[in-house]
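Counted the way mature numbering (1 follows the signal peptide of the UniProt record, and there is no 0) counts, the sequence shown spans residues -24 to -1, 1 to 203. All remarks here apply to the structure that follows.
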Amino acid sequence: MASFITPTILKIFLIISLFQICLGVRKLSEVVEEQPQLLKYHNGPLLSGPIIVNLIWYGKFKPSERAIISDFVTSLSSNPSSPSLKAQPTVAQWWRTTEKYYHLASKKSSLSLSLGKQILDEHYSLGKSLKKKQIVELASKGDQKYAINVVLTASDVAVEGFCMSRCGTHGSALSSIKGKRSSKFAYIWVGNAQTQCPGQCAWPFHQPIYGPQSPPLIAPNNNVGVD
């Protein structure tokens, strides 16, 4: 009789102990559970309405490289509710996150982007070493109203501060259209870091110089500089 009771009691004790351990682990996980990161709107100016994105290519780019960027801009306005897009994350779904800013700012309409014109400067009209003011000068070649002008510099173009303090930048500048009321236009500049400083500016598609040395991700288009 005793030989029967002892194993039974041990089993019951073991079950109770495992239950308490599981309960403790669950409580611990609840304590350290990360809170979702929320967007914080700091009351800065917002672009709204239909906006044209113009691409200014400075230097030599392959047609396939230009296609990667233009396809990306076009996909921002794709319908994320399309049946073909519901099965996987899309750029359009990611971009819709920005709509939260418009709700916080009580804007009537959010931002609608479409691809505009593409300007090629393959002969390096301003040389291969650019200052910030020259980036703005290049950006002004695009539309200066209801537009975002994106300057992309080739891998053999050096830009002031590139690789040392920044990998790209964005801002606004005054319109220089003569005979019209002065207004601001938005611009973006992004450099190609594949050969100049992949360890600083091509992460996560290249091993970083500092920080955790986890394996780099594979560039989705097999082009580290453009991706």
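Just so it is clear, CB atoms sit at the ideal spot from N, CA and C, and this is done for glycine as well. Values in this document were obtained by computation on a predicted structure and should not be read as measured data.
Cα-Cα separation, residue i to residue j
i: GLU98; j: GLY167; result: 15 Å
i: residue 220; j: TYR77; result: In the structure displayed, the chain extends from -24 to 203; residue 220 sits before or after that span and is not available.
i: ARG72; j: SER53; result: 9 Å
i: PHE161; j: ALA123; result: 7 Å
i: LEU22; j: LYS16; result: 14 Å
i: GLN183; j: LYS109; result: 32 Å
i: ILE28; j: GLN176; result: 30 Å
i: ILE185; j: SER85; result: 42 Å
i: ILE164; j: GLY20; result: 17 Å
i: GLY137; j: THR145; result: 10 Å
i: PRO196; j: VAL202; result: 10 Å
i: LEU31; j: GLU113; result: 14 Å
i: LYS38; j: ALA169; result: 16 Å
i: GLN172; j: TYR100; result: 18 Å
i: HIS18; j: LEU80; result: 10 Å
Contact test: residue i Cβ vs the ligand SAM heavy atom, cutoff 6 Å
i: VAL126; result: The model depicted lacks the ligand SAM and carries no ligand whatsoever.
Residue i, DSSP secondary structure in three states
i: ALA169; result: coil
i: GLY178; result: A quick correction: the sequence has Ala, not Gly, at residue 178. Coil.
i: LEU23; result: coil
i: LEU80; result: helix
i: ILE45; result: helix
i: VAL67; result: helix
i: GLY201; result: coil
DSSP bridge partner residues for residue i (one or two, in chain order)
i: TYR163; result: ASN125, GLY147
i: ILE194; result: None; ILE194 has no bridge partner.
Whole-Å CB distance - residue i paired with residue j, under 8 Å assumed
i: VAL133; j: LYS104; result: 5 Å
i: TRP33; j: ILE111; result: Incorrect: roughly 13 Å between the Cβ atoms, too far for contact.
i: SER159; j: SER151; result: 5 Å
CB contact below 7 Å: residue i versus chain B
i: PHE48; result: Here chain B cannot be found, since the structure has a single protein chain.
Which runs of the beta strand (DSSP E) fall wholly inside the region 88 to 160 and span at least 3 residues, in chain order?
The beta strand (DSSP E) runs lying completely inside the region 88 to 160 and spanning 3 residues or more are 123 to 129, 144 to 150, given in chain order.
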